[in-house]
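Student: Counting with our numbering, you get residues 14 to 408 for the letters of the sequence shown.
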Amino acid sequence: MNDTPTFSHDPGIARMVPFNESIFDTMTAAAARYDAINLGQGYPDHSGPESMLRIACEHITAGDNQYAPPRGVAELREAIAKERNERYGMALTADNVLVTVGATEAIAASVMGLVEPGQEVIVFEPYYDAYAASIALADATRVAVPLSFDSETGHWDIDAEALAAAVTDKTVAIIVNNPHNPSGSVFSASGLSALAEISIANDLWVIADEVYEHLIFDGHHTPIATLPGMRERTISISSAAKTLCVTGWKTGWAIAEPPLLNAVARAKQYLSFVGTTPTQPAIAYALNNEQDWIADMVRGLEERKDHLRAVLSEIGFKVYDSQGTYFLLVDVASKGFKDGIEFCMRLPEIAGVAAIPVAAFCDDPSRCATLVRFAFSKSEESLDEAARRLRQAFA
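1. Does the pairing of the segment 117-124 with the segment 251-267 give three or more beta-carbon distances under 8 Å?
2. Got a sec? Which residues, its chain only, sit under 7 Å from K351 by beta carbon, not counting five neighbours each side?
3. Would you check if there are 3 or more beta carbon pairs closer than 8 Å linking the segment 61-68 to the segment 291-308?
4. Going by beta carbon distance, what residues of the same chain come within less than 8 Å of E226, once the five residues before and after it are set aside?
5. Could you check the C-alpha separation between Q79 and V287 for me, to the nearest Å?
6. Do the segment 381-400 and the segment 48-58 make contact, defined as three or more Cβ pairs closer than 8 Å?
7. Out of A373, A408 and G167, point me to the one whose CA is closest to P31's CA.
8. So which of T184, S201 and F162 has the shortest CA-CA distance to P130?
9. Would you mind sorting Q336 into buried or exposed? The rule is 16 or more other CB atoms within 10 Å of its CB.
10. Three or more beta-carbon pairs under 8 Å between the segment 201-221 and the segment 173-180, yes or no?
11. Along the chain, where does the alpha helix (DSSP H) that runs through I26 open and close?
12. Identify which residue in L127, P291 and L314 has its Cα closest to the Cα of T247.
13. Using CA coordinates, which residue listed in G353, R244 and E394 is at the minimum distance from E317?
14. Could you check what DSSP says for S251 in three-state terms: helix, strand or coil?
15. Quick check: the segment 191-205 against the segment 107-117, are there 3 or more CB pairs under 8 Å?
16. Thinking L205 and L240 are a contact (beta carbons under 8 Å), I'd like their distance in whole angstroms, please.
17. Rank E355, I93 and V371 by C-alpha distance to the C-alpha of F340 and give the top, closest one.
18. Under the three-state reduction of DSSP, which class applies to N194: helix, strand or coil?
19. Could you name the residues of the same chain whose beta carbon sits closer than 6 Å to that of S123, not counting the 5 residues immediately before and after it, in chain order?
20. Exposed or buried, which one is D163 when buried takes at least 16 other CB atoms within 10 Å?
21. With DSSP collapsed to three states, give me the class of A368.
22. By how many angstroms is the C-alpha of A173 removed from the C-alpha of A207?
23. Between V366, A406 and R401, which lies nearest to Y47 when the distance is taken from Cα to Cα?
24. Which of the three DSSP states is assigned to N51 in this structure?
25. Tell me R386's beta-bridge partners as DSSP assigns them.
26. Locate the alpha helix (DSSP H) running through E226, then write down its first and last residues.
27. Over the uninterrupted beta strand (DSSP E) stretch that includes V277, give me the two end residues.
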């Protein structure tokens, strides 16, 4: 007897077919297949501060394991507002904060809460792939605007002319990621000012993915919400994942003025309802008391960035420096490779290392055809072994 169900049509909706498997799934599977060191996916090899981990365990064993309040545990919402006030000179309260299941849910809830089917959302190319999926889930239209790229310095920035030209009467929102994944660039003051001016002139929402806001090596981070006229139209998104090295806790947040945040919360409550309860007081404690740990972590991250950059340069790759995030970009054309996707698909087998092709973040892959992203957020031991393998394969 054949128990396989049959359908008159393929299961699923057409607009989600392109999202069958992410590039991260593909390359992580390849890394596992060849026992490769995974410098593709952006996660650290270590956990956050011991005090934070201990407090989470204490809340679990004390029975704090039921639903959290819909907007998040008050202690965490207050800590997020306080930390942002102190860092950026804002005047936020817990009413400006919604705790989400990671920054990815905050992005999805923002799009689904603000964008009607058929409306347009601008993303800056290259862009993190979750943006495209969130826009498709909302049955909206993605409009990719290329960032400007200085091939000498490797710096990417907002192209004001290209952005202005992309806005139509159907445009309702812009998603901006700063510091920027995958490039590691921090956008300039002039680029952010242009984004603000265009958003205000066209009455657009701005969804600001700022998960790497604390991971800055060169310059400083300016939240778009702090620019004149932007607080009322911006949803600022961040998380504990990168700042506190707990990607598996999936605890993020959206910050906005209450009327705007209400629109996000309406969508969020039917995605996950609430976030994980016992981790929230622990993250609140870390935001209030472990800023020195965060600063030390970022210093160590910069040292590992410089180490990986030196190794890749020594081998003969053209490497672009990173101002922030977990990532370095490499132009593999400098070693004779013509296709970054093919390079990354072969890399786990030939070198025992995994990376991510930047073309996977583009609607027009030709702009980034030979660019590859390496993550340096790993332990010194992992990076040393990756260096040994890369030298053996390419030097």
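The beta-carbon is built from N, C-alpha and C at its ideal position, and this holds for glycine as well. Since the structure is predicted, the reported quantities are computational estimates derived from the model, not experimental observations.
Tutor: This is what the structure holds:
1. Yes, the segment 117-124 touches the segment 251-267.
2. So the list reads T383, once near-sequence residues are dropped.
3. The segment 61-68 vs the segment 291-308: in contact.
4. Here E226 has P192, H234, P236, S251 and T256 as same chain residues with Cβ atoms under 8 Å from its own Cβ, once five neighbours each way along the sequence are excluded.
5. Those two C-alpha atoms are separated by around 10 Å.
6. Because the criterion of three Cβ pairs below 8 Å is met, the segment 381-400 and the segment 48-58 touch.
7. Residue A373 holds the alpha-carbon nearest to the alpha-carbon of P31 among A373, A408 and G167.
8. It is T184 whose Cα lies nearest to the Cα of P130.
9. Answer is buried; the Cβ neighbour count reaches 16.
10. With the cut-off at 8 Å, the segment 201-221 and the segment 173-180 touch.
11. Element bounds for I26: n/a, residue is neither H nor E.
12. Residue L127 is the option with its Cα nearest to T247.
13. Checking the sequence, you will find Arg at residue 317 rather than Glu. Checking every option, the nearest Cα to that of R317 belongs to E394.
14. Here S251 sits in strand by DSSP.
15. No contact exists between the segment 191-205 and the segment 107-117.
16. At roughly 6 Å, the Cβ-Cβ gap stays under 8 Å, so L205 and L240 are in contact.
17. From the listed residues E355, I93 and V371, the smallest Cα separation to F340 is found for V371.
18. Reduced to three states, the DSSP call for N194 is coil.
19. If we look at S123 and ignore the five residues flanking it on each side, its Cβ neighbours are I220, I248 and V277.
20. So D163 counts as exposed.
21. For A368, the three-state secondary structure derived from DSSP is coil.
22. The C-alpha of A173 is placed about 6 Å away from the C-alpha of A207.
23. Of the listed residues, the one whose Cα sits closest to Y47 is V366.
24. Note: N51 maps to strand in three-state DSSP.
25. DSSP, once it has assigned bridges, lists L342 and I369 as partnering R386.
26. For E226, there is no enclosing alpha helix (DSSP H), as DSSP gives it neither H nor E.
27. From DSSP, V277 is part of no beta strand (DSSP E) but of the alpha helix (DSSP H) over P271 to K281.
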